[in-house]
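Only one structure is covered here, and it is reproduced in the block below.
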Ligand SMILES: Cc1cc2nc3c(=O)[nH]c(=O)nc-3n(C[C@H](O)[C@H](O)[C@H](O)COP(=O)(O)OP(=O)(O)OC[C@H]3O[C@@H](n4cnc5c(N)ncnc54)[C@H](O)[C@@H]3O)c2cc1C
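Residue numbers (this note's numbering): 2 to 450.
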């Protein structure tokens with residue numbers, strides 16, 4: 002039995018009773034003892050994951066009048082935007098609502114030069130301010146670990162682990178915005194992962210921020226050549242940078258290394274691919290993170306040694322979280338497919354208009370190490386609300402990259418300019434459902450839009 006005195010007076014505050022001896026189970030497993038947990042909150046809507054989708058979901062739910070809690074694993078909101086150090090919002094141009102409001106706040110606050118790029122520190126602050134203004138209760142540093150259903154196939158309680166130990170939370174409606182579909186999987190939802198034929202997944206990339214470079218020099222030397230048709234940096238600049246790195250005796254695992262200017266003297270870099278890493282395997286993600294940091298450090302030191310425009314280049318920081326392109330795709334009431342993209346599908350309950358093309362990063366280095374549309378030429382299409390409602394659990398919605406879609410659809414809708422409107426739609430529907438004691442599938446999109 003753990004003695005409270007050894008751990009400090011507050012260590013066990015959320016555990017009503019606690020035994021710390023493990024029972025030996027079958028096949029070398031161990032069985033945790035039963036625990037009683039304090040229910041720390043009972044609320045209308047709980048959103049798990051505070052990335053682009055979760056932030057928007059919580060904001061929309063709170064603004065719709067629901068008592069809303071947002072639970073986030075990292076010490077800041079923003080997900081890939083902040084803990085992941087991405088600096089580039091794709092497919093935001095055709096969006097209204099929270100996406101447009103956020104662009105306005107970013108522009109106004111000196112966070113960026115255009116609505117597309119941003120400074121991650123400013124982003125953290127703005128997201129927190131917007132949540133505070135809307136009355137969202139934000140819990141950082143907290144990981145959702147389990148979900149328990151009642152007899153009506155509804156999540157009754159979830160549990161979390163944090164500095165406060167293990168806690169239980171209750172809500173009428175839950176939204177999974179964890180990117181990897183952690184909450185839905187814990188609740189017992191079915192899901193898909195990876196390419197249909199092989200299960201292979203898109204590679205992971207670790208973003209870094211560089212100092213000691215001048216945007217003007219990078220443009221002059223052709224390493225940044227403006228933005229292409231889809232708004233991403235042009236491939237010519239990426240090829241030139243790859244060739245420059247090859248000259249110093251390294252090959253990058255990503256053959257399209259890309260600079261993104263944040264400020265004239267602050268540049269984000271994406272230059273690695275970690276292939277074949279499952280978003281559900283912590284050992285593999287740890288190894289991938291360490292390998293990625295090693296590769297990037299070697300290349301940056303190598304470039305610095307060549308002098309010229311590289312003389313002062315330094316890595317200011319690498320992302321706290323390696324960028325995970327794909328995790329679980331939770332089964333919903335509708336699964337978006339490649340055919341929907343080819344046909345430019347429109348739906349009566351369409352909640353988000355997508356224009357971004359299919360973007361599959363090479364699944365192995367031998368497949369080129371870059372990215373392509375895998376032969377799927379999409380037409381602008383919509384995401385239906387039904388893809389945001391879990392099939393197997395009645396009071397659960399999804400938003401962001403874990404919604405219901407196939408491998409190719411995911412490779413298009415996953416970008417953050419779509420995650421935000423998905424979150425906004427889920428938040429509004431969750432609020433309406435919880436305040437009218439219904440399940441999300443009973444809410445008609447015409448009641449919201
Ligand atoms: C390297 C890389 C480059 C990309 N480039 C671009 C780009 O240029 N532009 C663009 O728009 N998109 C880009 N994308 C795609 C885009 O970033 C993602 O698909 C996007 O993050 C989706 O948002 P999300 O909110 O669903 O997920 P995430 O941003 O992953 O957010 C999920 C959040 O949930 C939290 N979380 C996870 N598990 C738990 C848990 N169990 N309990 C509590 N919290 C949890 C995480 O900490 C995180 O904050 C890129 C992705 C990667 C990986």
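Backbone N, C-alpha and C fix where the C-beta goes; we use that ideal spot for every residue, glycine too.
>> By the DSSP assignment, the beta strand (DSSP E) with residue 138 in it spans what residues?
In response: For this step, residue 138 is matched to residue 137 along the chain shown. 138–140 is the span of the beta strand (DSSP E), which, as asked, contains residue 138.
> The alpha helix (DSSP H) spanning residue 286 covers which residue range?
Replying inline: Here residue 286 corresponds to residue number 285 of the chain shown, with the count starting at 1. Per DSSP, residue 286 belongs to the alpha helix (DSSP H) from 283–306.
> The beta strand (DSSP E) spanning residue 77 covers which residue range?
Replying inline: Here residue 77 refers to the residue found at position 76 when the chain shown is read from its first residue. Where residue 77 is concerned, there is no enclosing beta strand (DSSP E), given that its DSSP letter is neither H nor E.
> CA-CA distance, residue 305 and residue 264?
Replying inline: For the purposes of this step, residue 305 is identified with residue 304 of the chain shown, where counting begins at 1. For the purposes of this step, residue 264 is identified with residue 263 of the chain shown, where counting begins at 1. Spanning the two alpha carbons is a distance of roughly 20 Å.
>> Could you check whether the Cβ of residue 95 sits closer than 7 Å to any heavy atom belonging to ligand 1?
In response: In the chain shown, counting from the first residue as 1, residue 95 sits at position 94. Residue 95 Cβ: outside cutoff for every heavy atom of ligand 1.
>> Am I right that residue 163 and residue 317 are in contact with their C-beta atoms under 8 Å? What's the rounded C-beta distance?
In response: Position 162 of the chain shown, counted from the start, is the residue given in the question as residue 163. Position 316 of the chain shown, counted from the start, is the residue given in the question as residue 317. Contact doesn't hold; Cβ gap of about 29 Å is too wide.
>> Could you tell me the alpha carbon to alpha carbon distance between residue 389 and residue 310, rounded to whole angstroms?
In response: One-based indexing of the chain shown puts residue 389 at position 388. One-based indexing of the chain shown puts residue 310 at position 309. For residue 389 and residue 310, the distance between alpha carbons rounds to 47 Å.
> Under three-state DSSP, which class holds residue 309?
Replying inline: Reading the chain shown from its first residue, position 308 is the one you call residue 309. Note: residue 309 maps to helix in three-state DSSP.
> In three-state DSSP terms, what is residue 419?
Replying inline: Here residue 419 refers to the residue found at position 418 of the chain shown. Residue 419: helix per DSSP, three-state reduction.
> beta strand (DSSP E) containing residue 383: first to last residue?
Replying inline: As a first step, residue 383 is located in the chain shown; it is residue number 382 there, counting from the start. Going by DSSP, residue 383 is part of the beta strand (DSSP E) stretching over 382–385.
> Is it true that the CB of residue 374 sits closer than 8 Å to the CB of residue 360?
Replying inline: In the chain shown, counting from the first residue as 1, residue 360 sits at position 359. In the chain shown, counting from the first residue as 1, residue 374 sits at position 373. Yes, the pair counts as a contact, with Cβ atoms nearer than the cut-off.
>> Is residue 238 a contact residue of ligand 1, with contact defined as CB to any heavy atom under 7 Å?
In response: Sequence index remark: in the chain shown, residue 238 carries index 237 (1-based). Outside the cutoff, so no.
>> Does residue 123 come out as helix, strand or coil in the three-state DSSP assignment?
In response: Here residue 123 refers to the residue found at position 122 of the chain shown. DSSP places residue 123 in the helix class (H, G or I) of the three-state scheme.
> Can you tell me where the beta strand (DSSP E) with residue 56 in it begins and where it stops?
Replying inline: In the chain shown, the residue the question calls residue 56 occupies position 55. Taken as a continuous stretch (DSSP letters only), residue 56 belongs to no beta strand (DSSP E), being part of the alpha helix (DSSP H) at 53–64.
> What first and last residue would you give for the beta strand (DSSP E) that runs through residue 163?
Replying inline: On the chain shown, residue 163 is found 162 positions in, with the first residue counted as 1. That run of the beta strand (DSSP E) goes 156–163.
> residue 144: beta carbon under 7 Å from a heavy atom of ligand 1?
Replying inline: For the purposes of this step, residue 144 is identified with residue 143 of the chain shown, where counting begins at 1. The answer is yes for residue 144.
> Are there 16 or more other CB atoms within 10 angstroms of the CB of residue 339, so buried, or fewer, so exposed?
Replying inline: Taking the chain shown and counting its residues from 1, the one referred to as residue 339 is at position 338. In summary, residue 339 is buried, with 16 or more beta-carbon neighbours lying within 10 Å of its beta-carbon over all protein chains present.
> According to DSSP, is residue 190 helix, strand or coil?
Replying inline: In the chain shown, residue 190 corresponds to position 189, counting from 1. Correct three-state label for residue 190: coil.
> In three-state terms, what does DSSP make of residue 276?
Replying inline: Walking along the chain shown from the start, residue 276 turns up at place 275. Looking at residue 276 - three-state DSSP - the assignment turns out to be coil, as it is neither helix nor strand.
> With which residues is residue 372 paired in a DSSP beta bridge?
Replying inline: Looking up residue 372 in the chain shown gives position 371. Per DSSP, 362.
>> For residue 313, which residues in the same chain have their Cβ closer than 7 Å to its Cβ, ignoring the five residues on either side in sequence?
In response: In the chain shown, counting from the first residue as 1, residue 313 sits at position 312. Result list for residue 313: 213, in chain order.
>> Which residue marks the beginning of the alpha helix (DSSP H) containing residue 343, and which one marks its end?
In response: Walking along the chain shown from the start, residue 343 turns up at place 342. Following the DSSP letters along the chain, one finds residue 343 inside the alpha helix (DSSP H) bounded by residues 339–344.
>> Closer than 8 Å is the cut-off here; do at least three beta carbon pairs connect the segment 393–407 with the segment 354–372?
In response: no
>> Just to confirm my understanding: we take residue 345, look at its own chain, exclude 5 residues before and 5 after, and list those with CB closer than 8 Å. What are they?
In response: Here residue 345 corresponds to residue number 344 of the chain shown, with the count starting at 1. Correct list, in chain order: 379, 380, 381, 382.
>> Quick check: what's the CA-CA separation for residue 106 versus residue 127?
In response: Counted from its first residue, the chain shown places residue 106 at position 105. Counted from its first residue, the chain shown places residue 127 at position 126. Whole-angstrom Cα-Cα distance: 7 Å.
> Straight-line CA distance for residue 117 to residue 21?
Replying inline: Numbered from its first residue, the chain shown carries residue 117 at position 116. Numbered from its first residue, the chain shown carries residue 21 at position 20. In a straight line, the C-alpha of residue 117 is about 50 Å away from that of residue 21.
> Who are the near neighbours of residue 11 in its chain, counting only those whose CB is closer than 6 Å to its CB and skipping five residues on each side?
Replying inline: As a working note, residue 11 is residue 10 in the chain shown. Low local confidence applies: a pLDDT of 49 at residue 11 is under 50, so the model's placement there is unreliable, with the coordinate-based value given in what follows. Excluding sequence positions up to five before and after residue 11, its CB lies less than 6 Å from no other CB in the same chain.
> Per DSSP, what kind of secondary structure is residue 23 in: helix, strand or coil?
Replying inline: Here the question's residue 23 lines up with position 22 in the chain shown. Reduced to three states, the DSSP call for residue 23 is coil.
> With contact counted as at least three CB pairs below 8 Å, one residue from each stretch, are the segment 410–424 and the segment 48–68 in contact?
Replying inline: yes
>> Please classify residue 247 as buried or exposed, where buried requires at least 16 neighbouring CB atoms within 10 angstroms.
In response: If you number the chain shown from 1, residue 247 lands on position 246. With fewer than 16 Cβ atoms within 10 Å of its Cβ, residue 247 is classed as exposed.
>> Looking at the secondary structure, which residues open and close the beta strand (DSSP E) in which residue 398 lies?
In response: Here residue 398 refers to the residue found at position 397 of the chain shown. Unbroken beta strand (DSSP E) run through residue 398: 397–399.
>> For residue 137, count the other beta carbons within 10 Å of its own beta carbon; 16 or more makes it buried, fewer makes it exposed. Which is it?
In response: Sequence index remark: in the chain shown, residue 137 carries index 136 (1-based). Buried, since its Cβ has 16 or more Cβ neighbours within 10 Å.
>> On the criterion of 16 or more Cβ atoms from any shown chain inside 10 Å, does residue 367 qualify as buried, or is it exposed?
In response: In the chain shown, counting from the first residue as 1, residue 367 sits at position 366. Looking at its Cβ environment, which holds fewer than 16 other Cβ atoms inside 10 Å, residue 367 is exposed.
> Are residue 135 and residue 42 touching if we call contact CB-CB under 8 Å?
Replying inline: In the chain shown, the residue the question calls residue 135 occupies position 134. In the chain shown, the residue the question calls residue 42 occupies position 41. Cβ distance not < 8 Å, so residue 135 and residue 42 don't count as in contact.
> When the Cα atoms are used, what is the spatial distance from residue 365 to residue 195?
Replying inline: Within the chain shown, the letter at position 364 stands for residue 365. Within the chain shown, the letter at position 194 stands for residue 195. The straight-line gap from Cα to Cα measures roughly 13 Å.
> Leaving out five residues before and five after residue 332 in sequence, what residues of the same chain have Cβ atoms less than 7 Å from its Cβ?
Replying inline: Start at 1 with the first residue of the chain shown, and residue 332 comes out as number 331. Result list for residue 332: 190, 191, 192, 392, 393, 405, in chain order.
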